[in-house]
């Protein structure tokens, strides 16, 4: 969730700009490097949004028929497994493209991807199945994994004003509401994003700068794990979120490479690709879908050498270094250098 984008007062039309081409040389097909990049990103994002909407629909279709005792993993194991699998696929699809679309659909980004604590800051939700209040992927996730929330997550959330413990649907009405209201809301929201994105001419600045923002948020995602506030905290798969997010960033950057090389040079391109590769290698070295266990007493402001020597500490340090815009060797720094060389403006604040 890119919370810094939520306050944007700009309508979507300001981001649906015509492709820019001034000052760029053309290839043999007549397309400028910028036009090639934005069209390639548009095609990639369109495909991921279509897959996202499909996964949301499959999640809904996997929900058990409502009956008097609702559903749970013991009595409806196959259905719950299918819903969880479809949810994980939807999560990957969204993370791959969030950097490119969050600024285009700020309200839908909230509805689809806000965390439980973010929702109840606006007011308590005493009905977690009705598709109002707490919604989206994490509202659904919270129910699908209601039997396995980590103790530190329960401790964090139970201290919040307006907290309501997660539970599986306990009766026919709750089961029907889960399928026909809460999950239907996700289906509607993802289909809206898919359909509304199609006629837009993706703006280069929102796509490229959006990737930079997503890279900076890699550090936020791992930092929040220290207080049990990370995104996919119930399914314990936030690291998979980060992997998908990084993959989407790499795919988007690949579309811009010719333009980067032309305006910023091959050295900058090599720095960017090396940064992506180093982070991806670190992610691949960790088994499982969850962020490594946070060492007791970890202080992000003053981490000890002992803490930094853990799997979590090593990953935290790596992302801290690569998210630093002032560090010459960081991925974000290289991306910013490329953006400036290409004349891509900063996103509005």
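Residue numbers (the numbering used here): 824 to 1172. All residues carry an ideal CB built from backbone N, CA and C; glycine is no exception. Note that the structure is predicted; figures quoted are calculated from it, not measured.
Contact between the segment 992-1004 and the segment 859-867 (3+ Cβ pairs under 8 Å): no
As assigned by DSSP and simplified to three states, the class of residue 1169: Locating residue 1169 in the chain shown gives position 346, counting from the first residue. Residue 1169 falls in the coil class under three-state DSSP.
Backbone secondary structure at residue 917 - three-state DSSP: Counted from its first residue, the chain shown places residue 917 at position 94. Helix at residue 917.
Spatial distance of residue 846 from residue 855 (CA atoms): Residue mapping note: residue 846 aligns to position 23 of the chain shown, counting from 1. Residue mapping note: residue 855 aligns to position 32 of the chain shown, counting from 1. Legend: pLDDT at residue 846 = 37, less than 50; position of this residue unreliable, no value from coordinates given.
Completely contained beta strand (DSSP E) runs for the segment 904-987, where each covers 3 or more residues: none
Anticipated Cβ contact below 8 Å, residue 859 with residue 1081, distance rounded: If you number the chain shown from 1, residue 859 lands on position 36. If you number the chain shown from 1, residue 1081 lands on position 258. Residue 859 to residue 1081, Cβ: 7 Å. Contact.
Alpha carbon of residue 1165 to alpha carbon of residue 1158, nearest angstrom: Locating residue 1165 in the chain shown gives position 342, counting from the first residue. Locating residue 1158 in the chain shown gives position 335, counting from the first residue. Going by the C-alpha atoms only, they are around 11 Å apart.
Delimiting residues of the alpha helix (DSSP H) encompassing residue 1041: As a first step, residue 1041 is located in the chain shown; it is residue number 218 there, counting from the start. Note, residue 1041: alpha helix (DSSP H), 1027-1047.
Whole-Å CB distance - residue 1039 paired with residue 1155, under 8 Å assumed: Taking the chain shown and counting its residues from 1, one reaches residue 1039 at position 216. Taking the chain shown and counting its residues from 1, one reaches residue 1155 at position 332. Residue 1039 to residue 1155, Cβ: 6 Å. Contact.
The segment 1048-1062 contacting the segment 1106-1121, beta-carbon criterion three pairs below 8 Å: yes
C-beta contact flag for residue 943 and residue 1005 at 9 Å: Start at 1 with the first residue of the chain shown, and residue 943 comes out as number 120. Start at 1 with the first residue of the chain shown, and residue 1005 comes out as number 182. The answer is no: Cβ separation not under 9 Å.
Reduced DSSP secondary structure (H/G/I, E/B, other) of residue 843: Sequence index remark: in the chain shown, residue 843 carries index 20 (1-based). Unreliable placement is indicated for residue 843, whose pLDDT of 33 sits below 50; the coordinate value is still reported in the next sentence. Residue 843 falls in the coil class under three-state DSSP.
Same chain, Cβ closer than 8 Å to residue 923, neighbours up to 5 away in sequence not counted: Indexing the chain shown from 1 puts residue 923 at position 100. Cβ neighbours of residue 923 beyond the five flanking positions: 864, 868, 1025, 1029, 1030, 1033, 1034, 1071 and 1075.
Through-space distance from residue 1118 to residue 1152, alpha-carbon basis: In the chain shown, residue 1152 corresponds to position 329, counting from 1. In the chain shown, residue 1118 corresponds to position 295, counting from 1. Going by the C-alpha atoms only, they are around 27 Å apart.
Residue nearest to residue 900 in terms of C-alpha spacing, selected from 911, 909, 887 and 912: The sequence position of residue 900 within the chain shown is 77, counting from 1. Here the closest residue by C-alpha is 887.
Same chain, Cβ closer than 8 Å to residue 1149, five either side skipped, listed in chain order: Your numbering for residue 1149 matches position 326 in the chain shown. So the list reads 1156, once near-sequence residues are dropped.
Nearest-angstrom Cα separation, counted from residue 1067 out to residue 1099: Position 276 of the chain shown, counted from the start, is the residue given in the question as residue 1099. Position 244 of the chain shown, counted from the start, is the residue given in the question as residue 1067. If I take the Cα positions, the gap works out to 12 Å.
Inter-stretch contact (C-beta, 8 Å, three-pair minimum) for the segment 974-981 and the segment 948-955: no
Alpha-carbon to alpha-carbon, residue 1045 and residue 1008: The residue labelled residue 1008 in the question sits at position 185 within the chain shown. The residue labelled residue 1045 in the question sits at position 222 within the chain shown. Roughly 28 Å separates the two Cα atoms.
Alpha-carbon spacing of residue 851 relative to residue 857, whole angstroms: As a first step, residue 851 is located in the chain shown; it is residue number 28 there, counting from the start. As a first step, residue 857 is located in the chain shown; it is residue number 34 there, counting from the start. Model confidence at residue 851 stands at a pLDDT of 41, short of 50, so the residue's coordinates are unreliable; what they give is reported in the following sentence. For residue 851 and residue 857, the distance between alpha carbons rounds to 14 Å.
Complete alpha helix (DSSP H) runs within the segment 1110-1151 (minimum length 4 residues, chain order): 1128-1131 and 1134-1145
Reference residue 1147, options 1036, 918 and 956, closest by Cα: On the chain shown, position 324 is the one that residue 1147 refers to. Comparing Cα-Cα distances from residue 1147 to each of 1036, 918 and 956, the minimum goes to 1036.
Residue 917 vs residue 936 beta-carbon contact at 9 Å: Within the chain shown, numbered from 1, the residue matching residue 917 stands at position 94. Within the chain shown, numbered from 1, the residue matching residue 936 stands at position 113. Yes, they are a contact pair.
Burial state of residue 921 (16 or more Cβ within 10 Å): Working through the chain shown from its first residue, we reach residue 921 at position 98. Buried, because 16 or more other Cβ atoms sit within 10 Å of the Cβ of residue 921.
Alpha-carbon spacing of residue 1168 relative to residue 1078, whole angstroms: On the chain shown, position 345 is the one that residue 1168 refers to. On the chain shown, position 255 is the one that residue 1078 refers to. Approximately 18 Å between the Cα atoms of the pair.
Beta-carbon proximity of residue 1056 to residue 1049, cut-off 9 Å: In the chain shown, residue 1056 corresponds to position 233, counting from 1. In the chain shown, residue 1049 corresponds to position 226, counting from 1. In this structure, residue 1049 does not lie closer than 9 Å to residue 1056 by Cβ.
Identity of the residue in 898, 883 and 1021 nearest residue 959 by Cα: For the purposes of this step, residue 959 is taken as residue 136 along the chain shown, with counting starting at 1. Ranking the options by Cα distance to residue 959, first place goes to 883.
Reduced DSSP category for residue 1001 - H, G, I as helix; E, B as strand; rest coil: Along the chain shown, one-based indexing puts residue 1001 at 178. Here residue 1001 sits in helix by DSSP.
Chain B within 9 Å of residue 969, Cβ atoms only: Among the protein chains of the structure shown there is no chain B, as only one such chain exists.
C-beta contact flag for residue 1145 and residue 1102 at 9 Å: In the chain shown, counting from the first residue as 1, residue 1145 sits at position 322. In the chain shown, counting from the first residue as 1, residue 1102 sits at position 279. Yes, these two residues count as a Cβ contact at 9 Å.
Identity of the residue in 1140, 1106 and 992 nearest residue 897 by Cα: Stepping through the chain shown from its first residue, residue 897 is reached at position 74. Looking at the Cα atoms, 992 is the closest of the given residues.
Segment limits, alpha helix (DSSP H) that includes residue 1106: As a working mapping, residue 1106 is identified with position 283 in the chain shown. Counting along the chain, the alpha helix (DSSP H) containing residue 1106 begins and ends at 1089-1107.
Beta carbon of residue 1121 nearer than 9 Å to that of residue 1016: Within the chain shown, residue 1121 is the residue found at index 298, counting from 1. Within the chain shown, residue 1016 is the residue found at index 193, counting from 1. No, Cβ-Cβ distance for residue 1121 and residue 1016 is not below 9 Å.
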